[in-house]
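Trainee:
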Amino acid sequence: MGTRLLYLARHGEQDRPPGTPPGVDPPETGLSDRGRRQATLLGERLRGVPVDAVHHGPLRRAVETAELVAASLPGIGVYAAEEVGDHLPHDTDPTGLPPAYARLLAGFSPAERADGPRLTAAAVRRFATAPDDGDRRDLVVTHTFLIAWFVRHALDAPERRWLGFNAHHCGLTVIRYGPGGPPTLLAVNDVAHLPPELRATGLPEGYRF
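Residue 52 in the working numbering sits at position 46 of the sequence shown, with consecutive numbering throughout.
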């Protein structure tokens with residue numbers, strides 16, 4: 007068996023039309039000007055890294071981010087993957103959780119509670135493993151919830167610990183999967199490639215570092 011380096015990146019900042027309520031992400035809008043710049047800089051960060059493929063979720067903001075990143079990686083294959091879309095990763099029991107988390111979970115429909123964990127399990131089977139045929143480096147452009155789940159999974163943390171993780175737009179989280187041992191978390195929310203004004207966009211001031 008080989009080793010997989012999994013590069014996880016949240017999409018760039020989303021364009022938010024005037025009047026969009028706080029906390030609502032319109033599914034069909036693409037990137038803002040800042041989001042496009044974030045994605046371009048992420049691509050420049052990865053230039054020279056021997057990435058084998060770029061995978062992205064189906065929403066426009068993920069598609070546009072993947073395309074801008076791939077522009078710095080000549081010849082790279084770019085592939086849509088439903089399982090790395092924006093969905094609920096786990097039907098978490100809200101008992102004992104802070105009220106804000108309980109309200110978040112209550113906003114998902116029964117269908118989303120069933121489909122999200124199914125897609126998440128498929129993403130874990132596909133990407134959170136050591137490859138059978140040599141070493142690989144995969145970049146997955148996805149969303150906060152799935153990145154949170156991959157980090158939780160790598161650390162073998164309780165299932166509800168995906169809650170509370172905030173991925174930065176176009177930040178890099180890198181996990182190593184190799185034979186004969188648990189996953190290794192190499193980087194989380196690495197935004198060294200972004201200038202200060204493009205870091206932690208959309209997050210409270212306390213999330214800047």
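Note that CB positions come from ideal geometry on N, CA and C, so glycine has one too.
If I follow the unbroken alpha helix (DSSP H) through residue 144, where does it start and stop?
Mentor: No alpha helix (DSSP H) holds residue 144; the beta strand (DSSP E) holding it covers 142 to 148.
Trainee: Please classify residue 71: does DSSP put it in a helix, a strand, or coil?
Mentor: Three-state result, residue 71: helix.
Trainee: Leaving out the 5 sequence neighbours to the left and right, which residues in its chain are closer than 8 Å to residue 77 when beta-carbon positions are compared?
Mentor: The answer, listed in chain order, is 46, 49.
Trainee: With H, G and I counted as helix, E and B as strand and the rest as coil, what does DSSP make of residue 39?
Mentor: The answer is helix: DSSP assigns residue 39 an H, G or I state.
Trainee: To the nearest angstrom, how far is the alpha carbon of residue 120 from that of residue 61?
Mentor: Computed Cα separation, rounded: 23 Å.
Trainee: My understanding is that residue 37 touches residue 67, with C-beta atoms under 8 Å, so please give their C-beta distance in whole angstroms.
Mentor: Indeed they touch by this definition, with Cβ atoms about 6 Å apart.
Trainee: Which residue comes first and which comes last in the beta strand (DSSP E) that contains residue 86?
Mentor: Looking at the DSSP string, the run of the beta strand (DSSP E) that includes residue 86 is 83 to 86.
Trainee: Which value, in whole angstroms, describes the spacing of the CA atoms of residue 101 and residue 140?
Mentor: In a straight line, the C-alpha of residue 101 is about 44 Å away from that of residue 140.
Trainee: Beta carbon of residue 174, beta carbon of residue 205: below 8 Å?
Mentor: A contact, by the Cβ cut-off of 8 Å.
Trainee: Identify the continuous beta strand (DSSP E) that holds residue 190 and give its terminal residues.
Mentor: From DSSP, the beta strand (DSSP E) with residue 190 extends over 190 to 196.
Trainee: Counting along the chain, where does the alpha helix (DSSP H) carrying residue 135 start and finish?
Mentor: First-last for residue 135: undefined, no H or E at that position.
Trainee: Thinking residue 70 and residue 93 are a contact (beta carbons under 8 Å), I'd like their distance in whole angstroms, please.
Mentor: That pair is no contact at about 19 Å.
Trainee: If contacts are defined as beta-carbon pairs under 8 Å, then residue 114 and residue 12 qualify, I think. What distance do you get, rounded to the angstrom?
Mentor: Going by Cβ atoms, the distance from residue 114 to residue 12 rounds to 26 Å, so no, they are not a contact pair.
Trainee: Using the Cβ count rule (16 or more neighbours within 10 Å means buried), how would you classify residue 203?
Mentor: Its Cβ having fewer than 16 others within 10 Å, residue 203 is exposed.
Trainee: Just grab the DSSP bridge partners of residue 26 for me.
Mentor: Answer is none; residue 26 lacks a bridge partner.
Trainee: From this set, 212, 190, 166, 178, which residue's C-alpha is nearest residue 135's C-alpha?
Mentor: Answer by Cα proximity: 190.
Trainee: What residue range does the alpha helix (DSSP H) around residue 216 cover?
Mentor: Lying before the first or after the last residue shown, residue 216 is absent from the chain, which here runs from 7 to 215.
Trainee: If I follow the unbroken beta strand (DSSP E) through residue 205, where does it start and stop?
Mentor: It is not in any beta strand (DSSP E) - residue 205 carries neither H nor E in the DSSP assignment.
Trainee: Which residue marks the beginning of the beta strand (DSSP E) containing residue 5, and which one marks its end?
Mentor: The question about residue 5 has no answer here: the residues shown for the chain are numbered 7 through 215.
Trainee: Around the Cβ of residue 89, are there at least 16 other Cβ atoms within 10 angstroms (buried) or fewer (exposed)?
Mentor: Result: buried.
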